[in-house]
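Q: Each residue of the sequence shown is one higher than the one before, starting from 0 at the first, in numbering that gives the first Met the number 0. Every residue gets a Cβ at the ideal spot worked out from N, C-alpha and C, and that includes glycine.
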Amino acid sequence: MTFSLYAFEPMIHGVRSMNPTKAIAVLAFACVLAGSSVVLGEIPLYSGGMDEKAVQEKRVKYPDRLKVLEEFRKNQAGRHAQADVASRAAILQETRKHLEHALLQDVFPAWYGTDWAFSGTSTKPGEGSIACGYFVSTCLTQVGFKVSRTKLAQQASQGIIETFMAKSERDVFAGGKSMEFIKGYLKKKGDGLYIVGLDSHVGFVSVSGDEMAFIHSSYYEPDSFVVAEKIDSKNPLSDSKYRVFGKILSDDMILGWLTQREYPVKTNP
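#1: Rounded to whole angstroms, what's the CA-CA distance from Met211 to Asp50? Just pull it up for me.
#2: If you reduce the DSSP assignment to three classes, tell me which class Asp251 lands in.
#3: Run through DSSP, which three-state label would Ala24 get?
#4: So, helix, strand or coil for Tyr61, using DSSP?
#5: So, with DSSP's three-state summary, where would you put Val142?
#6: For Leu44, name the three-state secondary structure that DSSP assigns.
#7: Here's the rule: buried if 16 or more other CB atoms are within 10 angstroms of the residue's CB, otherwise exposed. What is Lys57?
#8: Helix, strand or coil, according to DSSP, for Val205 in the structure here?
#9: What span of residues does the alpha helix (DSSP H) with Lys158 cover, start to end?
#10: Just verifying my parser: in three-state terms, what is the DSSP assignment at Gly77?
#11: Can you tell me the Cα-Cα spacing of Ala152 and Leu192, whole angstroms?
#12: Which residue or residues does DSSP assign as beta-bridge partners of Tyr193?
#13: Can the beta-carbon of Gln157 be found closer than 7 Å to that of Gly196?
#14: For Ala261, list the residues DSSP reports as bridge partners.
#15: Return the residue from the list Val59, Pro235, Ala116, Gln75 that minimises the CA-CA distance to Val106.
#16: Taking DSSP's pairing of strands, which residues face Asp170 in a bridge?
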């Protein structure tokens with residue numbers, strides 16, 4: 000049977016009123032039920048004027064969502080440490096799906112509509128402004144990856160990607176490949192979350208079957224703010240001549256999240 004994480008929304012949201020021991024138990028129970036068959040649901044797209052009320056609700060809930068995610072991380076870290084070898088792979092898989100869901104449904108949407116600025120460094124969704132590199136680094140650090148937010152944000156996109164994976168694990172396309180080629184590449188590469196670096200920009204790409212979204216702090220007018228849009232719409236991804244992709248949330252990266260591994264920033268890719 001396949002479960003959606005949406006089914007556990009009331010259960011997970013209710014941990015705010017529980018004592019820590021009970022909260023962890025509830026989260027563990029939700030994870031056991033969800034297992035490796037969690038579905039992500041639709042990728043919520045956003046451009047100017049869309050679902051402002053929903054975005055505001057995401058922002059209000061954002062601090063609590065991060066707290067719940069941290070309790071989940073601690074619980075999963077304990078389960079993984081105590082599990083036998085055969086069970087650890089399944090724990091990493093369910094952890095990856097839960098973290099990806101949190102990014103797509105809670106973290107990114109809270110930032111939708113936050114103004115872009117070349118020097119923007121906001122740490123709070125909807126306040127101030129945020130540059131493209133800071134959007135990527137802030138989302139990753141706020142969900143619990145141990146890496147310097149500022150130093151990561153200031154790197155070229157290849158450096159951001161190679162902070163979390165070997166150079167051999169990312170793919171570079173130069174010469175202005177068509178978006179049909181890029182979509183074919185992503186479909187073959189598989190569902191999941193990617194960091195993409197462009198001529199002078201960086202953001203996330205989410206792939207779920209034929210559904211592909213570019214999530215980034217956009218400098219394109221008039222929507223110069225954090226958006227989630229189809230990858231082949233008018234945006235820096237479709238216009239760029241250079242593209243580098245790195246698929247994140249691998250088993251090793253998830254293990255690093257669980258164990259709170261420190262990630263040294265790659266400064267000279």
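A: Working from what's here:
#1: Walking along the sequence shown from the start, residue 211 turns up at place 212. Walking along the sequence shown from the start, residue 50 turns up at place 51. Looking at the two C-alpha atoms, the distance is approximately 20 Å.
#2: Numbered from 1 along the sequence shown, position 252 holds the residue referred to as residue 251. Helix at Asp251.
#3: What you label residue 24 is simply residue 25 of the sequence shown in a count that begins at 1. Caution applies to Ala24, whose pLDDT of 43 falls short of 50 and renders its modelled position unreliable; the value that the coordinates give is listed next. If DSSP states are grouped into helix, strand and coil, Ala24 belongs with the helices.
#4: Here the question's residue 61 lines up with position 62 in the sequence shown. Of the three classes helix, strand and coil, the one that applies to Tyr61 here is helix, per DSSP.
#5: Position 143 of the sequence shown, counted from the first residue, corresponds to residue 142. In this structure, Val142 counts as coil in the three-state DSSP scheme.
#6: Stepping through the sequence shown from its first residue, residue 44 is reached at position 45. Correct three-state label for Leu44: coil.
#7: Locating residue 57 in the sequence shown gives position 58, counting from the first residue. The Cβ neighbour count for Lys57, taken over all protein chains shown within 10 Å, is at least 16; the residue is labelled buried.
#8: As a first step, residue 205 is located in the sequence shown; it is residue number 206 there, counting from the start. First, the residue type needs correcting, since residue 205 is Ser and not Val in the sequence shown. Here Ser205 sits in strand by DSSP.
#9: For the purposes of this step, residue 158 is identified with residue 159 of the sequence shown, where counting begins at 1. Reading off the sequence, residue 158 comes out as Gly, not Lys. Run containing Gly158: 156 to 161, per the alpha helix (DSSP H) assignment.
#10: Position 78 of the sequence shown, counted from the start, is the residue given in the question as residue 77. Taken through DSSP and simplified to helix, strand or coil, Gly77 comes out as helix.
#11: Stepping through the sequence shown from its first residue, residue 152 is reached at position 153. Stepping through the sequence shown from its first residue, residue 192 is reached at position 193. Between Ala152 and Leu192, the C-alpha separation is close to 18 Å.
#12: Locating residue 193 in the sequence shown gives position 194, counting from the first residue. DSSP output for Tyr193 lists Val204, Lys246 as bridge partner(s).
#13: Your numbering for residue 157 matches position 158 in the sequence shown. Your numbering for residue 196 matches position 197 in the sequence shown. Gly196 is positioned such that its CB atom lies closer than 7 Å to that of Gln157.
#14: For this step, residue 261 is matched to residue 262 along the sequence shown. At residue 261 the sequence reads Glu, which differs from the Ala that was named. Answer is Lys145, bridged to Glu261.
#15: Locating residue 106 in the sequence shown gives position 107, where the first residue counts as 1. The option with the nearest alpha carbon to Val106 is Val59.
#16: For the purposes of this step, residue 170 is identified with residue 171 of the sequence shown, where counting begins at 1. Per DSSP, Phe244.
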